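Beneath this line is the structure, given in structure tokens, with notes to follow.
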Amino acid sequence: MKALVIHSFGGPEAVAFDEIPVPEPGRGEVRVRVRAAALNPVDWKIRDGYLKDMFPHHFPVTLGWDCAGVVDAVGGGVTGFKEGDAVLAYCRKEFVRDGALAESIVLEPRHLAHKPEGLSFEAAAALPLAGLTAWQALFDAGKLNKGGTVLVHAAAGGVGHLAVQLAKSAGAVVLGTASVPNHDFLRSLGVDHPVDYRGDLLPNVRAAVPDGVDLAFDCIGGEALERSPECLGPEGRIVSIVDPGKIEAFAGKGIRAEWVFVAPNAEQLSELAGRAARGDLKVEVSALRSWKEYAEAFKSLEAGHTRGKIVLRID
Ligand SMILES: NC(=O)c1ccc[n+]([C@@H]2O[C@H](COP(=O)([O-])OP(=O)(O)OC[C@H]3O[C@@H](n4cnc5c(N)ncnc54)[C@H](OP(=O)(O)O)[C@@H]3O)[C@@H](O)[C@H]2O)c1
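Numbered per the numbering used here, the sequence shown finishes at 781, counting up by one with no gaps.
As structure tokens, this is what we get:
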């Protein structure tokens, strides 16, 4: 089958189509014929070797951690999924080798949720990694509650645009940073206070929430994360998905701060898919391309200004 692989770490030139064996599901596994796969910054980070100390990598590595498709083979002992089921999946395993940018991928039920009929394959592919990250950061680590206040850094991106909606639907007051051309987009998602990250952060945050926010959710790192402690209220906490080192340094100074690395969670994924199908969670697919155009898609992802998600059709 065709897959987008790397044979060693490297830049954009390291990625190419290759022929690899069609995987067979073992006991407790299903095989998914992939229809669409979203790109995430983790894909170029894996390509470049940034995760090499975090997970074992087995080359050739097929890239891609997000997909939607149809189950076409089921191993023994699997309940809940059968051939022909439409599914979406967050595909991270304990090692890096089998990615979603392939015609097929073998996964376990813990990676999967059923795709509701009202959700397209393209939107479904865009949801798992970013949606689960937003959920786990806001609610599991961030303890965001009804009436709470949250500042989401990089609110127009893949994780951010879902996070602001999830926070809003939980009854929070939401501040989100983006460049000014994205502020109407943020408002359309329910953001109460769009903030220009090129301006001075603190006065804008204090103007909206004088006592400081309950949660700063960092999806960008750098100066945004550096300046997050001063934006917090007395019981406030910081959750970052970008910079574990800085989070450790904050925690060492007594600041409530946590780093999150998203984990597969079938129950949360099912909830997210249901909300998206009902129209309660808008999945913004700002670019939909054939996977043959992967090079342009990666280039655009790496520029760092994607609105919502980039999705590739596995055609
Ligand atoms: N730890 C985990 O489990 C985990 C999970 C998912 C993602 N991540 C990481 O989290 C980061 C975000 O992921 P993503 O998928 O949301 O990325 P993304 O979609 O590529 O983010 C793009 C967004 O970033 C915004 N942006 C760029 N510079 C900014 C700045 N200085 N301040 C605020 N916003 C800025 C852009 O808005 P404008 O166009 O308006 O500039 C754009 O909308 C990546 O580093 C990714 O690797 C980690």
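Built from N, CA and C at the ideal position, the CB exists for glycine as well. These figures come from a predicted structure and were not determined experimentally.
For the set Val625, Ser766, Ser645 and Lys765, the Cα lying nearest the Cα of Phe727 is the one of Val625.
Counting the other Cβ atoms within 10 Å of the Cβ of Tyr516 gives fewer than 16, which makes it exposed.
DSSP places His619 inside the beta strand (DSSP E), whose first and last residues are Thr615 to His619. Short note on His524: C-beta not closer than 7 Å to any heavy atom of ligand 1. Proximity to Ala607 across Arg703, Lys712, Gly718 and Ala739 peaks at Arg703, based on C-alpha coordinates. Counting every other CB atom within 10 Å of its CB across the protein chains shown gives Glu479 a total below 16, marking it as exposed. Collapsing the DSSP output to three states places Arg576 in a helix. Residue pairing by DSSP places Ile707 in no beta bridge whatsoever. Collapsing the DSSP output to three states places His771 in coil. Closest by C-alpha distance to Val562, out of Asp781, Glu696, Leu529 and Gly550, is Leu529. Ranked by Cα distance from Val572, the first of Ala502, Ala717, Val496 and Pro647 is Val496.
Of the candidates Gly687, Leu617 and Glu701, the residue whose Cα lies closest to the Cα of Pro660 is Leu617. Between ligand 1 and the CB of Lys758, the shortest heavy atom gap is not smaller than 7 Å. According to DSSP, residue pairing for His523 in a beta bridge involves Val562. For Thr643, the enclosing beta strand (DSSP E) begins and ends at Val639 to Ala644. Taking a contact to require three or more Cβ pairs closer than 8 Å, the region 597-605 and the region 532-546 do not qualify as touching.
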